[in-house]
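J.: Numbering follows full-length UniProt numbering, in which position 157 of the sequence shown is assigned residue number 157; successive positions increment by one, without gaps. Yeah, the Cβ is synthetic: ideal placement off N, Cα and C, and Gly gets one too. Only a predicted model underlies this, so the values are computations on that prediction, with no experimental measurement involved.
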Amino acid sequence: MDLYDGEIRKLISMLESHGVKRLPLQKEWEMTEKENLILKSEMAYELGGGSNQAVSAIAFTQDEKLVPEDAVYLVGDDLCNIRNDISYARITLIRLDREYIKNHDDNALYASMRATDYVRYHAFPKGYMMRISAVREREPVRVSKEAVSHGINFAAVGQGLINAYRKRPEVEAVSIYFVTEQDIDYTFLKSEAHRCEQITDSLNNIFNGLTMDCSTCSSRELCDEIDGLRQLHMSIL
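(1) Could you have a look at Val148 and say whether DSSP puts it in helix, strand or coil?
(2) Just to confirm before moving on: does the CB-CB distance between Met43 and Arg142 stay below 7 Å?
(3) Measure the beta-carbon distance from Ala123 to Leu161 and round it to whole angstroms, keeping in mind my assumption that it falls under 8 Å.
(4) Just tell me which of Glu7, Gly19, Tyr110, Gly76 has its CA closest to the CA of Val179.
(5) Ignoring anything shorter than 4 residues or poking outside the region 79–146, list the alpha helix (DSSP H) runs there in chain order.
(6) Ordered along the chain, which non-local residues of its own chain (more than five positions away) have a Cβ less than 6 Å from that of Leu66?
(7) In this structure, how does DSSP classify Arg195 when only helix, strand and coil are distinguished?
(8) Among residues of its own chain, excluding the 5 on either side of Leu237, which ones have a beta-carbon nearer than 6 Å to its beta-carbon?
(9) Given a threshold of 16 other Cβ atoms within 10 Å of its Cβ, counted over all protein chains shown, does Leu39 qualify as buried or as exposed?
(10) Label Arg168 either buried or exposed according to how many other C-beta atoms from any shown protein chain fall within 10 Å of its C-beta, with 16 as the threshold for buried.
(11) Could you tell me the alpha carbon to alpha carbon distance between Gly16 and Ile58, rounded to whole angstroms?
(12) When the distance is taken between beta carbons, is Ile82 closer than 7 Å to residue 238?
(13) Return the chain-ordered ranges of every beta strand (DSSP E) run that is complete within the region 6–85 and spans a minimum of 3 residues.
(14) So what's Ile184 in DSSP terms, helix, strand or just coil?
(15) Report the option in Asn204, Val72, Asn163, Val171 whose CA atom is closest to the CA atom of Asp97.
(16) From Ser3 to Phe60, what distance separates their C-alpha atoms?
(17) Return the bridge partner residues of Tyr165 from the DSSP annotation.
(18) Given Val20, which residues of its chain have a CB within under 6 Å of its CB, disregarding the five upstream and five downstream residues?
(19) What are the residues that DSSP puts in a beta bridge with Ile176?
(20) Could you check if Leu11 is buried or exposed, using at least 16 other CB atoms within 10 Å of its CB as the buried criterion?
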C-alpha cells in the first residue's frame with residue numbers, strides 16, 4: 001500500500017521547509033461521546049472559518065520512514081496563542097500494519113481503510129468542534145472560550161485523535177500535522193489533500209465495481225500517474 005507515498009513525501013517536505021516542530025507527548029484532551037455544539041457566542045475563534053482555508057487530508061502508508069511512530073506536529077501557533085479566525089490545516093498520516101495487510105485480501109484492506117477514515121467523524125475533543133465536510137474537502141474547527149481557558153493545546157487534542165485511530169487493529173502508527181502558520185501555501189496543501197482524496201475515491205471505484213471500462217473511468221488520469229493503482233484495478237477484474 002504505497003499509493004499515497006508520493007503525496008506524503010511532498011507534504012512532509014513542504015511542512016519541514018516551514019519549521020515544523022514535534023510537540024511533546026501529553027495526556028489526551030478530554031473526549032466526549034457526542035459531537036460538541038459550540039455556538040458563535042461560545043467560541044473563542046474558528047480555525048478555517050468563513051473565507052479562510054480549512055484543509056483536511058488523510059493518507060495511508062506502510063513505510064515506517066514516513067510515519068515512524070505516533071506523533072503530533074505543529075507549524076504555527078498553538079491553540080492558546082491564537083486570537084482571531086485564521087486559515088488552518090490538519091494532515092493525518094496513518095501507517096498500516098504490514099502483517100495485518102499480508103493476512104487480508106485487497107477487499108478487506110480497502111474496507112479497513114474506509115473504516116479508519118471514518119474515525120474522524122466519531123472523535124470529539126471537548127470544546128473543539130470539527131465541522132468536517134468530505135464533499136467540500138474542508139474541516140473548519142470552532143474552539144470554545146471554555147476550552148481555551150482550560151489550556152487546550154494541539155498536543156493533547158492530537159493525542160486524543162491518535163488514540164481514536166489506534167483502536168483500529170490495522171493501524172500501527174499515526175502522525176498528525178496541525179498547521180496554523182499563515183505564511184504558508186494553503187493552495188498547495190489543498191491541492192495535495194484533494195490528490196489524496198482522489199486516490200481514495202479511485203479505490204472506491206475499484207472495489208465497488210463502479211467502473212470497469214478504463215476509457216470511461218473518471219480516475220483514468222490518476223491511474224496513469226500513480227504507480228500500482230492501475231495494476232490493483234486489473235488484479236481484481
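T.: A quick look at the data gives this:
(1) helix
(2) yes
(3) 5 Å
(4) Gly76
(5) 98–102, 106–118
(6) Ile8
(7) helix
(8) Annotation note: pLDDT 47 at Leu237 (below 50); position unreliable, no value reported.
(9) exposed
(10) buried
(11) It is worth fixing the name first, because residue 16 is Glu in this sequence and not Gly. Rounded to the nearest angstrom, the two C-alpha atoms are 18 Å apart.
(12) There is simply no residue 238 to check, as the chain begins at 1 and stops at 237 in what is shown.
(13) 43–47, 54–61, 71–75
(14) coil
(15) Val171
(16) Note that residue 3 is Leu in the sequence shown here, rather than Ser. Between Leu3 and Phe60, the C-alpha separation is close to 8 Å.
(17) Beta-bridge pairing links Tyr165 to no other residue.
(18) Tyr73, Val75
(19) Val72, Thr92
(20) buried
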